[in-house]
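Novice: One structure is given below, represented as structure tokens, and several questions about it will come after.
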Amino acid sequence: MLLADGLQHSFGPVRALDNVSFTVQPGQTLAVFGPNAAGKTTLLKVLAGLIEPQRGRAHVEGGRRAVGWIGHQPQLYGQLTVRENLAFWASLYDVQPPGDLLSRLGLEDYADRPVRALSRGLVQRVAIARALVHDPRVLLLDEPFTGLDRMAAEAFSRLLAQQAAQGRATVLVTHNVEEGTELATDVAFMRAGRFVHLAPRGGRAAAEIAEAYRRAISGGGGGGGGGG
Amino acid sequence: MEGGGAVGAVAEFVRHAWSVARKDLLVEFRSRTAILSAVVFTVLVLMVFNFGRDPTAVAAVDLAPSILWVTFTFAAMLALNRAFQLELENQALEGLLLAPISRGSIYLGKLLANLVFVGAVEAIGLPLFALFFNVRILPVILPLVAVIALATVGFVAVGTLFSAMTARTRFAELLLPVLLLPFMIPPLIWAVLTTASLLAGRPLSEAGGWLRLLAAFDILFVVLAFVLFPATVSE
Amino acid sequence: MRLLGAGRWITAVGLLLLAGVYVRALAFTPIERAQGLAQKIFYLHVPAAIWAEAAMVLVGLASIFYLFLKDPRLDRFAEASAEAGTVFAAIVLTTGPIWGKPIWGTWWSWDARLTLTLFLFLLYVGYLLLRSAVADPGARARYAAVLGICGMCLVPFIHFSVYMFRTLHPMPIVLKPSSPSLPGSMLATWLFSLGVFTLLYVGFVIQRYALSYLREQLEAAGEVGHV
């Protein structure tokens, strides 16, 4: 469904991806945690086909048409209504927006309001609708919780789990290890372009993963992260 | 079979370009701030010209072609500046690049929307110009519109390409005119000369040389901008 | 760095030879009858004008190849060539009026070649401004290449329009540096000067190229870089 095989990419002297390999099956959600400049966004852009990797191969079954993207910016036009935005993005994929899309995301009451008049939390919900408008088989999430408070982020994360990630191959990247763990079926830690950890989440709780992340990123010394 | 595929691809290309253009125009229609300010700006520039000349020394009709084209130049600059600002606001451009549409159809869509926008400002500006400076444009209206269209296509094509770059820099509003004006001056020269010849009552055929240059400029730079546009948006 | 040193040497030799051009032009070349001493400036003016225009063509060609090959060396060369072109255009724009005052009786005239050079100068300035306004090196190179190619394609159009414009407003003096009426010793001096300016162009470009290479190394060492 989604395959990365030995990805390598550099921007000048900066190594953004260093031999990254993994696969994600439908129904699986891979959460990639890493500090800023670890190469997370580059990874997603390579998967989406926006960047051609210098080495290795990224394969998405169905190509660009099969990719949905939710970023920290909603990729919506503020002056247009929710309905108009969805119709526009659907037209680029040569489809009609699914009839039940708005109701699934609880946006029926806001369908004819301009996006700029909506709250941040609602806008992110519209961004989910936008990403699902062509029923993608692969979902790429680039720091989708940025700008949301804790409550909103939790609600958003639940919505993602129920509506978006279900049955799809999903990759989530974020710098904040507190966010999105409940979504993940697999967990990876990324540092300086490398996957330093890649394993199924198993039964691990969010706190356990956070602890493991701190150890992995600070270089495995154990004392680097401090107790939290 | 293959011919059918090519026709299908072109139809798809045009359909996507039209989607992008229609969305731009809808956004414009919703806010109306840009078109209103461009029209008000046009009126103001015309006023400045009126007060900036000595009416006893220079007849309006002698200055008319220059006034018309300087006004259109500035109005077009306003329009072009906003074209890509719109796409950057919520990183909508990233979404366009992610969609399974060609980069060329994004460019064509933005170009169409800009042409409609600049054309609308010109359509309002032209009668105002005739009114304010008492220039009889009705007898030459068709050739005049043709010249305006030819010149507008050329510099809007280059301007759309450049605004895709300048919108993502610091000082976007200043940088676009600095980059674009050298490219606007040659078509401007030919358009002014043709307009002057038309307003003096000479037939369009007399300005054939200028028109051919305008057409050559249009063809070269529309093709060039179309080919170069992907380099401004792809990583 | 060796390249920088080589560039400095070439430039130094070029400047030395430029002094030679002066000596030859002033002492060993006959004074042109109609224009007197003012004509001497042409030994500087015309070669500089030629290189101001040629540099833009080289920027454009390097830009085309950059977009295909994505080789940072091509981008560095385009930047260096644009900077050298700016200098030569500035030389033309300052020597032009100095000549124009005694001959035309006016500092500035919208003469075809002067207008063309002014265009070139503005294109160069725009090109360098665009470069300075983009922080990301990849985007900077791509944007600059796009502008460089457009600039190169604009040059023939400016040529056309300014020369056609000039026929409407004829000038008392028509510049024909390579006309057969030029006496042999003047031609020799002029060709010598053209060679010296070529050397100067090469020297400038090598130096600027080496400098931007060093700057990139420093940036890479000093910054974490963004991803």
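Residue numbers (our numbering), protein chains in the order written: chain A, 5 to 232; chain B, -18 to 216; chain C, 279 to 505.
Idealized CB from N, CA, C, for every residue including glycine.
Note that the coordinates shown come from a computational prediction; the quantities given were computed from them, not determined experimentally.
Going by DSSP in three states, L152 of chain A sits in which element: helix, strand or coil?
Specialist: On the first sequence, position 148 is the one that residue 152 of chain A refers to. DSSP places L152 of chain A in coil when its eight states are reduced to three.
Novice: Where does F10 of chain B land, buried or exposed, given buried means 16+ other C-beta within 10 angstroms?
Specialist: Against the second sequence, residue 10 of chain B aligns to sequence position 29. Label assigned to F10 of chain B: exposed.
Novice: Does F152 of chain B get closer than 8 Å to chain C when you measure Cβ to Cβ?
Specialist: On the second sequence, position 171 is the one that residue 152 of chain B refers to. Answer yes: the Cβ-Cβ gap between F152 of chain B and chain C drops below 8 Å somewhere.
Novice: Which ranges would you report for the beta strand (DSSP E) in the stretch 35 to 63 of chain B if only whole runs of at least 3 residues count?
Specialist: Fully enclosed beta strand (DSSP E) runs of 3 or longer: not present.
Novice: Could you say if the stretch 319 to 336 of chain C and the stretch 366 to 377 of chain C meet the contact criterion of at least three C-beta pairs nearer than 8 Å?
Specialist: Enough Cβ pairs lie closer than 8 Å, so yes.
Novice: Give me the residue from B:F65, B:L25 and B:S18 with the minimum Cα distance to L49 of chain B.
Specialist: What you label residue 49 of chain B is simply residue 68 of the second sequence in a count that begins at 1. Checking every option, the nearest Cα to that of L49 of chain B belongs to B:L25.
Novice: State whether the stretch 336 to 348 of chain C contacts the stretch 284 to 298 of chain C, with contact taken as three or more CB pairs (one from each stretch) at a distance under 8 Å.
Specialist: No, the stretch 336 to 348 of chain C does not touch the stretch 284 to 298 of chain C.
Novice: DSSP state of D116 of chain A, grouped into three classes?
Specialist: For the purposes of this step, residue 116 of chain A is identified with residue 112 of the first sequence, where counting begins at 1. If DSSP states are grouped into helix, strand and coil, D116 of chain A belongs with coil.
Novice: Secondary structure at P101 of chain A, three-state DSSP: helix, strand or coil?
Specialist: Translated into positions along the first sequence, residue 101 of chain A becomes position 97. Correct three-state label for P101 of chain A: coil.
Novice: Run down chain C in chain order and give the residues with a C-beta less than 8 Å from the C-beta of F164 of chain B.
Specialist: Reading the second sequence from its first residue, position 183 is the one you call residue 164 of chain B. Result: C428 and L432.
Novice: Going straight from the alpha carbon of F55 of chain B to that of A390 of chain C, what length do you get?
Specialist: Stepping through the second sequence from its first residue, residue 55 of chain B is reached at position 74. Stepping through the third sequence from its first residue, residue 390 of chain C is reached at position 112. Each residue's alpha carbon lies about 25 Å from the other.
Novice: Can you give me the C-alpha to C-alpha distance between F210 of chain B and V440 of chain C, rounded to a whole angstrom?
Specialist: To locate residue 210 of chain B, count along the second sequence from 1; it is residue 229. To locate residue 440 of chain C, count along the third sequence from 1; it is residue 162. The straight-line gap from Cα to Cα measures roughly 29 Å.
Novice: Just to confirm the assignment, what range does the beta strand (DSSP E) spanning L40 of chain A have?
Specialist: Taking the first sequence and counting its residues from 1, the one referred to as residue 40 of chain A is at position 36. Per the sequence shown, the amino acid found at residue 40 of chain A is Asn instead of Leu. Note, N40 of chain A: premise wrong, no beta strand (DSSP E); not H, not E.
Novice: Which residues does DSSP list as the beta-bridge partners of I74 of chain A?
Specialist: Taking the first residue of the first sequence as 1, we reach residue 74 of chain A at position 70. Beta-bridge pairing links I74 of chain A to A:L145.
Novice: Could you have a look at F143 of chain B and say whether DSSP puts it in helix, strand or coil?
Specialist: As a first step, residue 143 of chain B is located in the second sequence; it is residue number 162 there, counting from the start. Note: F143 of chain B maps to helix in three-state DSSP.
Novice: Report yes or no: do the stretch 171 to 188 of chain B and the stretch 122 to 142 of chain B share at least 3 C-beta pairs separated by less than 8 Å?
Specialist: These segments touch.
Novice: Output needed in chain order: residues of the stretch 15 to 30 of chain A with a Cβ under 7 Å from some Cβ in chain C.
Specialist: Residues passing the 7 Å Cβ filter: F15, G16, P17, V18 and A20.
Novice: Is DSSP giving L111 of chain A helix, strand or coil here?
Specialist: Numbered from its first residue, the first sequence carries residue 111 of chain A at position 107. Coil at L111 of chain A, not helix or strand.
Novice: With distances taken from CA atoms, which of C:A362, C:T289 and C:A419 is nearest F15 of chain A?
Specialist: Sequence index remark: in the first sequence, residue 15 of chain A carries index 11 (1-based). The shortest Cα separation from F15 of chain A among C:A362, C:T289 and C:A419 belongs to C:A419.
Novice: Answer with yes or no whether the minimum CB distance from P211 of chain B to chain A is below 8 Å.
Specialist: Within the second sequence, the letter at position 230 stands for residue 211 of chain B. For P211 of chain B, the answer is no, since every Cβ of chain A falls outside 8 Å of its Cβ.
Novice: Check the Cβ-Cβ distances between A211 of chain A and every residue of chain B, and say whether any is below 8 Å.
Specialist: Mapped onto the first sequence, residue 211 of chain A falls at position 207. Output row for A211 of chain A: interface = no.
Novice: Please specify which runs of the alpha helix (DSSP H), each continuous and at least 4 residues long, are wholly inside the stretch 361 to 447 of chain C, giving them in chain order.
Specialist: You should have 390 to 411 and 415 to 446.
Novice: Taking only three categories from DSSP, how would you classify R198 of chain A?
Specialist: By 1-based counting over the first sequence, the position of residue 198 of chain A is 194. DSSP places R198 of chain A in strand when its eight states are reduced to three.
Novice: In chain order, what residues of the same chain have a beta carbon less than 7 Å from the beta carbon of F113 of chain B, not counting five sequence neighbours either side?
Specialist: Sequence index remark: in the second sequence, residue 113 of chain B carries index 132 (1-based). Here the set comprises L27 and N31.
Novice: Would you verify that the beta carbon of P168 of chain B is, or is not, closer than 8 Å to some beta carbon of chain A?
Specialist: Position 187 of the second sequence, counted from the first residue, corresponds to residue 168 of chain B. It does not; no Cβ of chain A falls within 8 Å.
Novice: Cα-Cα, which of A:V130, A:H13, A:D98 and A:R68 is closest to S0 of chain B?
Specialist: The sequence position of residue 0 of chain B within the second sequence is 19, counting from 1. Comparing Cα-Cα distances from S0 of chain B to each of A:V130, A:H13, A:D98 and A:R68, the minimum goes to A:D98.
Novice: Determine whether the Cβ of I82 of chain B lies closer than 8 Å to any Cβ atom of chain A.
Specialist: One-based indexing of the second sequence puts residue 82 of chain B at position 101. At least one chain A Cβ lies under 8 Å of I82 of chain B.
Novice: For the stretch 100 to 117 of chain A against the stretch 142 to 158 of chain A, are there 3 or more C-beta pairs whose distance is under 8 Å?
Specialist: Because the criterion of three Cβ pairs below 8 Å is not met, the stretch 100 to 117 of chain A and the stretch 142 to 158 of chain A do not touch.
Novice: List, in order along the chain, the chain B residues whose C-beta lies closer than 8 Å to that of R68 of chain A?
Specialist: The residue given as residue 68 of chain A occupies position 64 in the first sequence. Under the 8 Å cutoff, chain B gives L79, A80 and P81.
Novice: Going straight from the alpha carbon of G184 of chain A to that of F164 of chain B, what length do you get?
Specialist: For this step, residue 184 of chain A is matched to residue 180 along the first sequence. For this step, residue 164 of chain B is matched to residue 183 along the second sequence. Each residue's Cα considered, the two are about 51 Å apart.
Novice: Does any residue of chain A have a CB that is nearer than 8 Å to the CB of A498 of chain C?
Specialist: Numbered from its first residue, the third sequence carries residue 498 of chain C at position 220. It does; some Cβ of chain A falls within 8 Å.
Novice: Contact criterion: CB-CB distance below 8 Å. Does W50 of chain B meet it with respect to chain C?
Specialist: As a first step, residue 50 of chain B must be located in the second sequence, where it is residue number 69. W50 of chain B does not count as touching chain C.
Novice: Are the C-beta of E147 of chain A and some C-beta of chain B separated by less than 8 Å?
Specialist: Position 143 of the first sequence, counted from the start, is the residue given in the question as residue 147 of chain A. By this cut-off, E147 of chain A is not an interface position.
Novice: Compare the beta carbon distance of L201 of chain B and C431 of chain C with 8 Å and say whether it is the shorter of the two.
Specialist: Position 220 of the second sequence, counting from 1, holds the residue named residue 201 of chain B. Position 153 of the third sequence, counting from 1, holds the residue named residue 431 of chain C. Taking 8 Å as the Cβ cut-off, L201 of chain B and C431 of chain C qualify as a contacting pair.
Novice: Is the Cβ-Cβ distance between Y491 of chain C and A362 of chain C less than 8 Å?
Specialist: The sequence position of residue 491 of chain C within the third sequence is 213, counting from 1. The sequence position of residue 362 of chain C within the third sequence is 84, counting from 1. Their beta carbons are not under 8 Å apart, which means Y491 of chain C does not touch A362 of chain C by this criterion.
Novice: I213 of chain A and A131 of chain A - do their beta-carbons sit closer together than 8 Å?
Specialist: The residue you call residue 131 of chain A lines up with position 127 of the first sequence. The residue you call residue 213 of chain A lines up with position 209 of the first sequence. Cβ distance not < 8 Å, so A131 of chain A and I213 of chain A don't count as in contact.
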